[in-house]
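In what follows, a single structure is set out as structure tokens and then discussed.
Residue numbers (the numbering used here): 54 to 171.
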């Protein structure tokens, strides 16, 4: 149901925009989130957004650098990542429909690799 795109290799200080497209008919009715998992670490929430975009959440480590947004007409959620750092390197996962805001979600994408080189 969730398909991420936009990952890749970028230099320190660069930018990437991740996209997550949903095929669910009820996409526009539930919250969405972005998580990431680095090698040897747990998967952690990066950002999340309410169904109508009125409420967002950001992990402290990405505040001021990442922006989550959504276009319900396109069934797509985005993660704009600026000023990337090597520690942002991870597999990024899109998630949909909260079980517990903002850390637990019901649906997951397959993940997209983001690598920040120094």
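Backbone N, C-alpha and C define an ideal beta-carbon position, used for all residues, glycine too.
Cutoff 6 Å; reference residue i; Cβ partners in own chain excluding five residues on either side
| i | result |
| --- | --- |
| residue 170 | 64 |
| residue 121 | 100, 102, 109 and 132 |
| residue 118 | 135 and 136 |
CB-CB length for residue i against residue j, believed under 8 Å
| i | j | result |
| --- | --- | --- |
| residue 112 | residue 98 | 6 Å |
| residue 161 | residue 146 | 6 Å |
| residue 151 | residue 91 | In fact, because the Cβ distance is near 23 Å, the residues do not count as touching under 8 Å. |
| residue 149 | residue 55 | 6 Å |
Proximity of residue i and residue j at Cβ, strictly below 9 Å
| i | j | result |
| --- | --- | --- |
| residue 74 | residue 86 | no |
| residue 77 | residue 125 | no |
Beta-carbon contacts of residue i that lie in its chain and below 7 Å, excluding the five residues immediately before and after
| i | result |
| --- | --- |
| residue 164 | 57, 144, 145 and 146 |
| residue 155 | 86, 98, 101 and 110 |
| residue 158 | 86, 148, 149, 150, 151 and 152 |
| residue 115 | 99 and 100 |
Nearest residue (CA-CA) to residue i, options the options
| i | options | result |
| --- | --- | --- |
| residue 142 | 157, 123, 158 and 167 | 167 |
| residue 105 | 82, 89 and 148 | 82 |
| residue 123 | 115, 116 and 107 | 107 |
| residue 72 | 59, 80 and 79 | 59 |
Spatial neighbours of residue i in its chain, beta-carbon cut-off 8 Å, leaving aside the 5 residues before and after
| i | result |
| --- | --- |
| residue 96 | 88, 89, 90 and 146 |
Item checked: Meets three-Cβ-pair contact criterion under 8 Å: the stretch 64-76 and the stretch 133-150 -> yes
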